[in-house]
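In UniProt numbering, the protein residues as written are 1 to 238. Just below is one structure, and these are the notes that go with it.
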């Protein structure tokens, strides 16, 4: 059955004795959407998976459905939970639903966002999905006390700072049922990174275009000295 079959069909009934009668029926054909597309806020099509996004970041994704009769409705789901059932029709006749997530949580990592378009309960919906990838912050301490002055306090103790802690961000975040969103403050760690013998960490390697197994007498070679230290070294010599 095709859209060209849509229309009114009449049946004529003739009797030997009696007036001719007519019966009519209206045939409608349900057409599912041709395609469902998920895009970012800049109109770039998203392919699964998407990200990684930083924990706490804002996310906007747009779903558009082309075609369909009757005009489809578009719903957004996170896993199996309905997130948004509002949609509009653009001047070009495309049905569109824009989902805005104010703040991504660590529970959103690996979750599936599905855009589902449906023209009728009599037809199967057309859908597209993306999986979210997040850079999740590491929770260091969630214990706190209330001082006699009524101040909530959390004391974080790091036994031994490592080289990998250099330039890392420590964030203290406070939340309350009376707040619309958490409040936070952050500091960046600056470490004087030294090796075990109080010297910078140094490695030597061949240049990028040099293969050590191809070096022969008379060959030209280059070496690269890699130094890791904070404060930075002031002089390097061969």
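Idealized CB from N, CA, C, for every residue including glycine.
When we look at the beta-carbon of residue i and count the other beta-carbons within 10 Å, is it buried (16 or more) or exposed?
i           : result
residue 116 : buried
residue 91  : exposed
residue 89  : exposed
residue 114 : buried
residue 36  : buried
residue 157 : exposed
residue 134 : buried
residue 234 : exposed
residue 132 : buried
DSSP state of residue i, grouped into three classes?
i           : result
residue 197 : For residue 197, the pLDDT reaches just 48, beneath the cut-off of 50, and the residue's location in the model is therefore unreliable, leaving the point undetermined.
residue 131 : strand
residue 228 : strand
residue 48  : coil
residue 71  : coil
residue 164 : helix
residue 106 : helix
residue 40  : strand
residue 57  : coil
residue 84  : strand
Is residue i close to the ligand ZN? I mean its beta-carbon at under 7 angstroms from any heavy atom of the ligand.
i           : result
residue 179 : Of the ligands one can find in the structure shown there are none, so the ligand ZN has no counterpart to examine.
Which one of the options has the shortest CA to CA distance from residue i?
i           : options            : result
residue 105 : 73, 94, 56, 130    : 56
residue 123 : 4, 232, 220, 28    : 28
residue 250 : 155, 139, 140      : Summary: the structure shown does not reach residue 250, with the chain confined to residues 1 through 238, and so no result is reported for it.
residue 64  : 100, 70, 128, 6    : 128
residue 174 : 143, 32, 159, 222  : 143
residue 58  : 36, 85, 40, 177    : 40
residue 98  : 73, 16, 26         : 73
residue 222 : 67, 205, 166       : 205
residue 60  : 101, 16, 38        : 101
residue 188 : 176, 172, 237, 167 : 167
residue 140 : 169, 93, 177, 95   : 169
residue 96  : 10, 69, 38, 137    : 38
residue 161 : 66, 190, 30, 85    : 190
residue 171 : 226, 164, 183, 13  : 183
residue 163 : 16, 54, 14, 231    : 231
residue 4   : 69, 13, 153, 86    : 69
residue 130 : 226, 52, 86        : 52
Could you tell me the distance, in whole angstroms, from the CA atom of residue i to the CA atom of residue j?
i           : j           : result
residue 192 : residue 229 : 7 angstroms
residue 43  : residue 103 : 21 angstroms
residue 224 : residue 149 : 59 angstroms
residue 76  : residue 201 : 51 angstroms
residue 126 : residue 71  : 13 angstroms
residue 136 : residue 177 : 23 angstroms
residue 236 : residue 185 : 39 angstroms
residue 197 : residue 62  : For residue 197, the predicted model reports a pLDDT of 48, less than 50, meaning its position is unreliable; a value from the coordinates is still stated below. Cα to Cα, the separation comes out at about 56 angstroms.
residue 31  : residue 11  : 26 angstroms
residue 215 : residue 165 : 39 angstroms
residue 66  : residue 34  : 6 angstroms
residue 219 : residue 238 : 19 angstroms
residue 26  : residue 86  : 31 angstroms
Item to complete: Please confirm if the segment 15-34 is in contact with the segment 97-113, defined as three or more CB-CB distances below 8 angstroms between the two stretches.
Response: no
Worksheet item: Are at least three pairs of beta-carbons, each pair with one atom in the segment 41-52 and one in the segment 78-92, less than 8 angstroms apart?
Response: no
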